[in-house]
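Residue numbers (my numbering): 464 to 1378.
Below is the structure:
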């Protein structure tokens, strides 16, 4: 494509002007869509005509000028710059009318005199009459101008009109007048093609490669409109720093286009300057928010089919639409500019109702209802709720919340409002539990007027409890006490777990927050009627029926913690892994953090320090501390436990110093006190540790939560007493620990035996440590097993049992390395006789020792040496526990050992080689 100074249409006009002195009058009509360059072409030609001495008279049609008679004609003649006498003649002639004329046309005499004035003004020079936007010219002016041109048949006159004929219903006045005349020329302008845009950019001093790279982006944004191309190019130059030259070379550095103010203003000016029906159609399309058929726009705008179709074609020709939609979002924004909020809301609401009537997707209707600002009627509530669940399934909880907020505004009755508000609260909780705070007051109001359903009451109670408002939560939960029998199984389980959560977050007796927590304390005292087995059943019930989008999150967390505190670590881990993909797909940040916190607690109790640190840190990263409410003690305590045992003392100290403010002194806070006490023990600060463990005992003793599987504070208190050389106190608390511990709680029993052994002298100490190791082998806690093996190796060495010492030391060292317990690993590394069993070559030399074992037996034995329980081995190898026991029995017999304790440590390396 060539520039405006060189394009073929300009050459044609120049030739017409040069030939008019011999051929007489010439008339040309320039047509094309808006922004195609018609005005620029006319201006260039007028400038050329003035330069060669022609008299150029210019006028422009305007929508406002159509109601003013002879407006265009007046513009032409007033640009003559006549003398005072001639000016008076022109004004007199323009004000004259035919006495019997209905269209206010000039008289014949007036036309003749105006023609004479033109000839006098030209003085023998070529005369150029330039009329821009002839489609807006008043008919009287065009009629008079046509009559004048008829009288100038032999004069050197060139009349050039530009016109954009948008609607076929309007007569083409200029074209109809001159189409059959031999002196008439029709020049059509079209938007630039991709090649034309490339040439256009190249002529702006862009390199060939840069022009070809940028041309598709320029064409996509402008539709090839020269007007929009120029505005877009100005934005590219304006977007560079002042140190840049701002020329084409700097534009070529960009890989894409920058949409700036020049482009936005150009689009907005075009839409508001062109025909108002174009703007109306553009606004209708913008409000619809997606490409739509002409039929939909006709119904939305209450217009005619032909008008809408022609307007869409005109907008596409002008470079604003492509494939029925705006070429750039800036064009859509420009279409909506100028509408006040009320009018825009009304348009969106009308569009939403139209789409709903046509059976559009709920999300499409809901988008318009949100844009309308919540002014829709009751018909929209179900649509918005369905759209919210669809948004949740697509992983967009923030959008779902917007839909539910609008639905809440449109609700007609209190019952419906309560349901929507409850859904909104659960959706907000997915991303930020603190956000639910703003809904507590309206939920309270619905509770007071009896509109809140039973499940809504339970939900409100859990929201309050999450924030540490246990007494209020308990008061709310009492509202469902009389109707408890009406719950289904899942509802009853949620109620049970909600009560359990309140027990975990109720302020501890003797603290500031406990003074007014009378109702919550009553719930705690009434807990004796609910056995732990009932809680486990409720936990399984809730988890089996759990759907992230509709579940009560606090009751689910309560269910997972019940399984964890009941030492059902495999079940808790399995449910976390089951729910996590759904939580991530829903972008449920709070759920992801909550599940990570439980996984961190499970990993701590398994002795998997690396996993514990990873999960707990993720929990506190995904959801900041201030959103954890009363449950912050859970992930924070696990992270302190993990970093301390891993030897990351600087990090553990930072966590301890930056710990939660002690405003939520609840049972979860005791987990943090327990973890901090462990940090003090490892930092050789036994008195500080003693204070924390005694605080745990002071708050828990005598309560229903004083169970070793919740916070095993007595064993740690005993260890602190031992650090202070008070074995009598240590024995006393350990005796209480063993008395309270469940027979099946091997983790607590094994740990208690290990610490109790420290109060004894050899050989009794060595015997008790062997018992501790046997118990811990079935506990699943590899860290505790590693510590017990390490202590056992020291005891065996002191007794002179060197083979047992080496075996225990090897196993302890391997366990410590697996767990990530770096301090314990360094301690064993520095001990005598704890050198590595040998490299791979040594193992290969000794592999004949295990030749009698089958492959399956070697795999099972290798995992057993690593400290895996029979349950864990069965799950890892996908075999039954009975099969595991059979393989181990055969292995013991073939290797001549009495049990797990006698299995050679090298088996784990052989198992690794086999794997």
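In this text, a Cβ means the ideal position worked out from N, Cα and C, and glycines have one as well.
Collapsed DSSP secondary structure at residue i in the structure displayed
i, result
"residue 1289", "helix"
"residue 625", "strand"
"residue 648", "strand"
"residue 688", "coil"
"residue 522", "strand"
"residue 844", "helix"
"residue 620", "strand"
"residue 788", "strand"
"residue 752", "coil"
"residue 1173", "coil"
"residue 1349", "helix"
"residue 1111", "coil"
"residue 554", "helix"
"residue 1089", "helix"
"residue 1341", "coil"
"residue 630", "coil"
"residue 1178", "helix"
"residue 836", "coil"
"residue 744", "helix"
"residue 1276", "helix"
"residue 871", "helix"
C-alpha distance - residue i paired with residue j, whole-angstrom precision
i, j, result
"residue 969", "residue 1278", "38 Å"
"residue 678", "residue 926", "56 Å"
"residue 503", "residue 472", "12 Å"
"residue 1095", "residue 723", "47 Å"
"residue 1103", "residue 867", "40 Å"
"residue 895", "residue 740", "46 Å"
"residue 961", "residue 813", "44 Å"
"residue 1236", "residue 1193", "20 Å"
"residue 1064", "residue 832", "44 Å"
"residue 725", "residue 556", "43 Å"
"residue 1233", "residue 1256", "10 Å"
"residue 734", "residue 666", "28 Å"
"residue 843", "residue 1042", "32 Å"
Limits of the unbroken beta strand (DSSP E) element including residue i
i, result
"residue 489", "489-494"
"residue 764", "Counting along the chain, residue 764 falls outside any beta strand (DSSP E), though it belongs to the alpha helix (DSSP H) covering 757-764."
"residue 590", "590-595"
First through last residue of the alpha helix (DSSP H) which encompasses residue i
i, result
"residue 1029", "Segment: none, residue 1029 is in no alpha helix (DSSP H) and carries neither H nor E."
"residue 661", "657-665"
"residue 1054", "1052-1069"
"residue 481", "471-486"
"residue 879", "877-894"
"residue 497", "Taken as a continuous stretch (DSSP letters only), residue 497 belongs to no alpha helix (DSSP H), as it is neither H nor E."
Test item: CB-CB of residue i and residue j under 8 Å
i, j, result
"residue 663", "residue 496", "no"
"residue 1002", "residue 1025", "yes"
"residue 914", "residue 963", "no"
"residue 1171", "residue 1204", "yes"
"residue 1122", "residue 1140", "no"
"residue 1101", "residue 1133", "no"
"residue 1058", "residue 1105", "no"
"residue 835", "residue 885", "no"
"residue 1056", "residue 1067", "no"
"residue 1039", "residue 1023", "yes"
"residue 509", "residue 523", "no"
"residue 682", "residue 699", "no"
"residue 1282", "residue 1226", "no"
Residues of its chain near residue i, where Cβ-Cβ distance is below 6 Å and the 5 sequence neighbours each way are ignored
i, result
"residue 1239", "1213, 1247, 1248 and 1251"
"residue 1163", "1169"
"residue 1051", "893 and 1011"
"residue 494", "626 and 651"
"residue 1135", "1096, 1099 and 1100"
Neighbourhood of residue i by C-beta distance below 7 Å, restricted to the same chain and skipping five residues each side
i, result
"residue 747", "760, 763 and 764"
"residue 511", "477"
"residue 549", "580"
"residue 1004", "952, 953 and 956"
"residue 1161", "none"
Nonlocal neighbours in the same chain, by C-beta distance under 8 Å from residue i, ignoring five residues either side
i, result
"residue 475", "491, 648 and 650"
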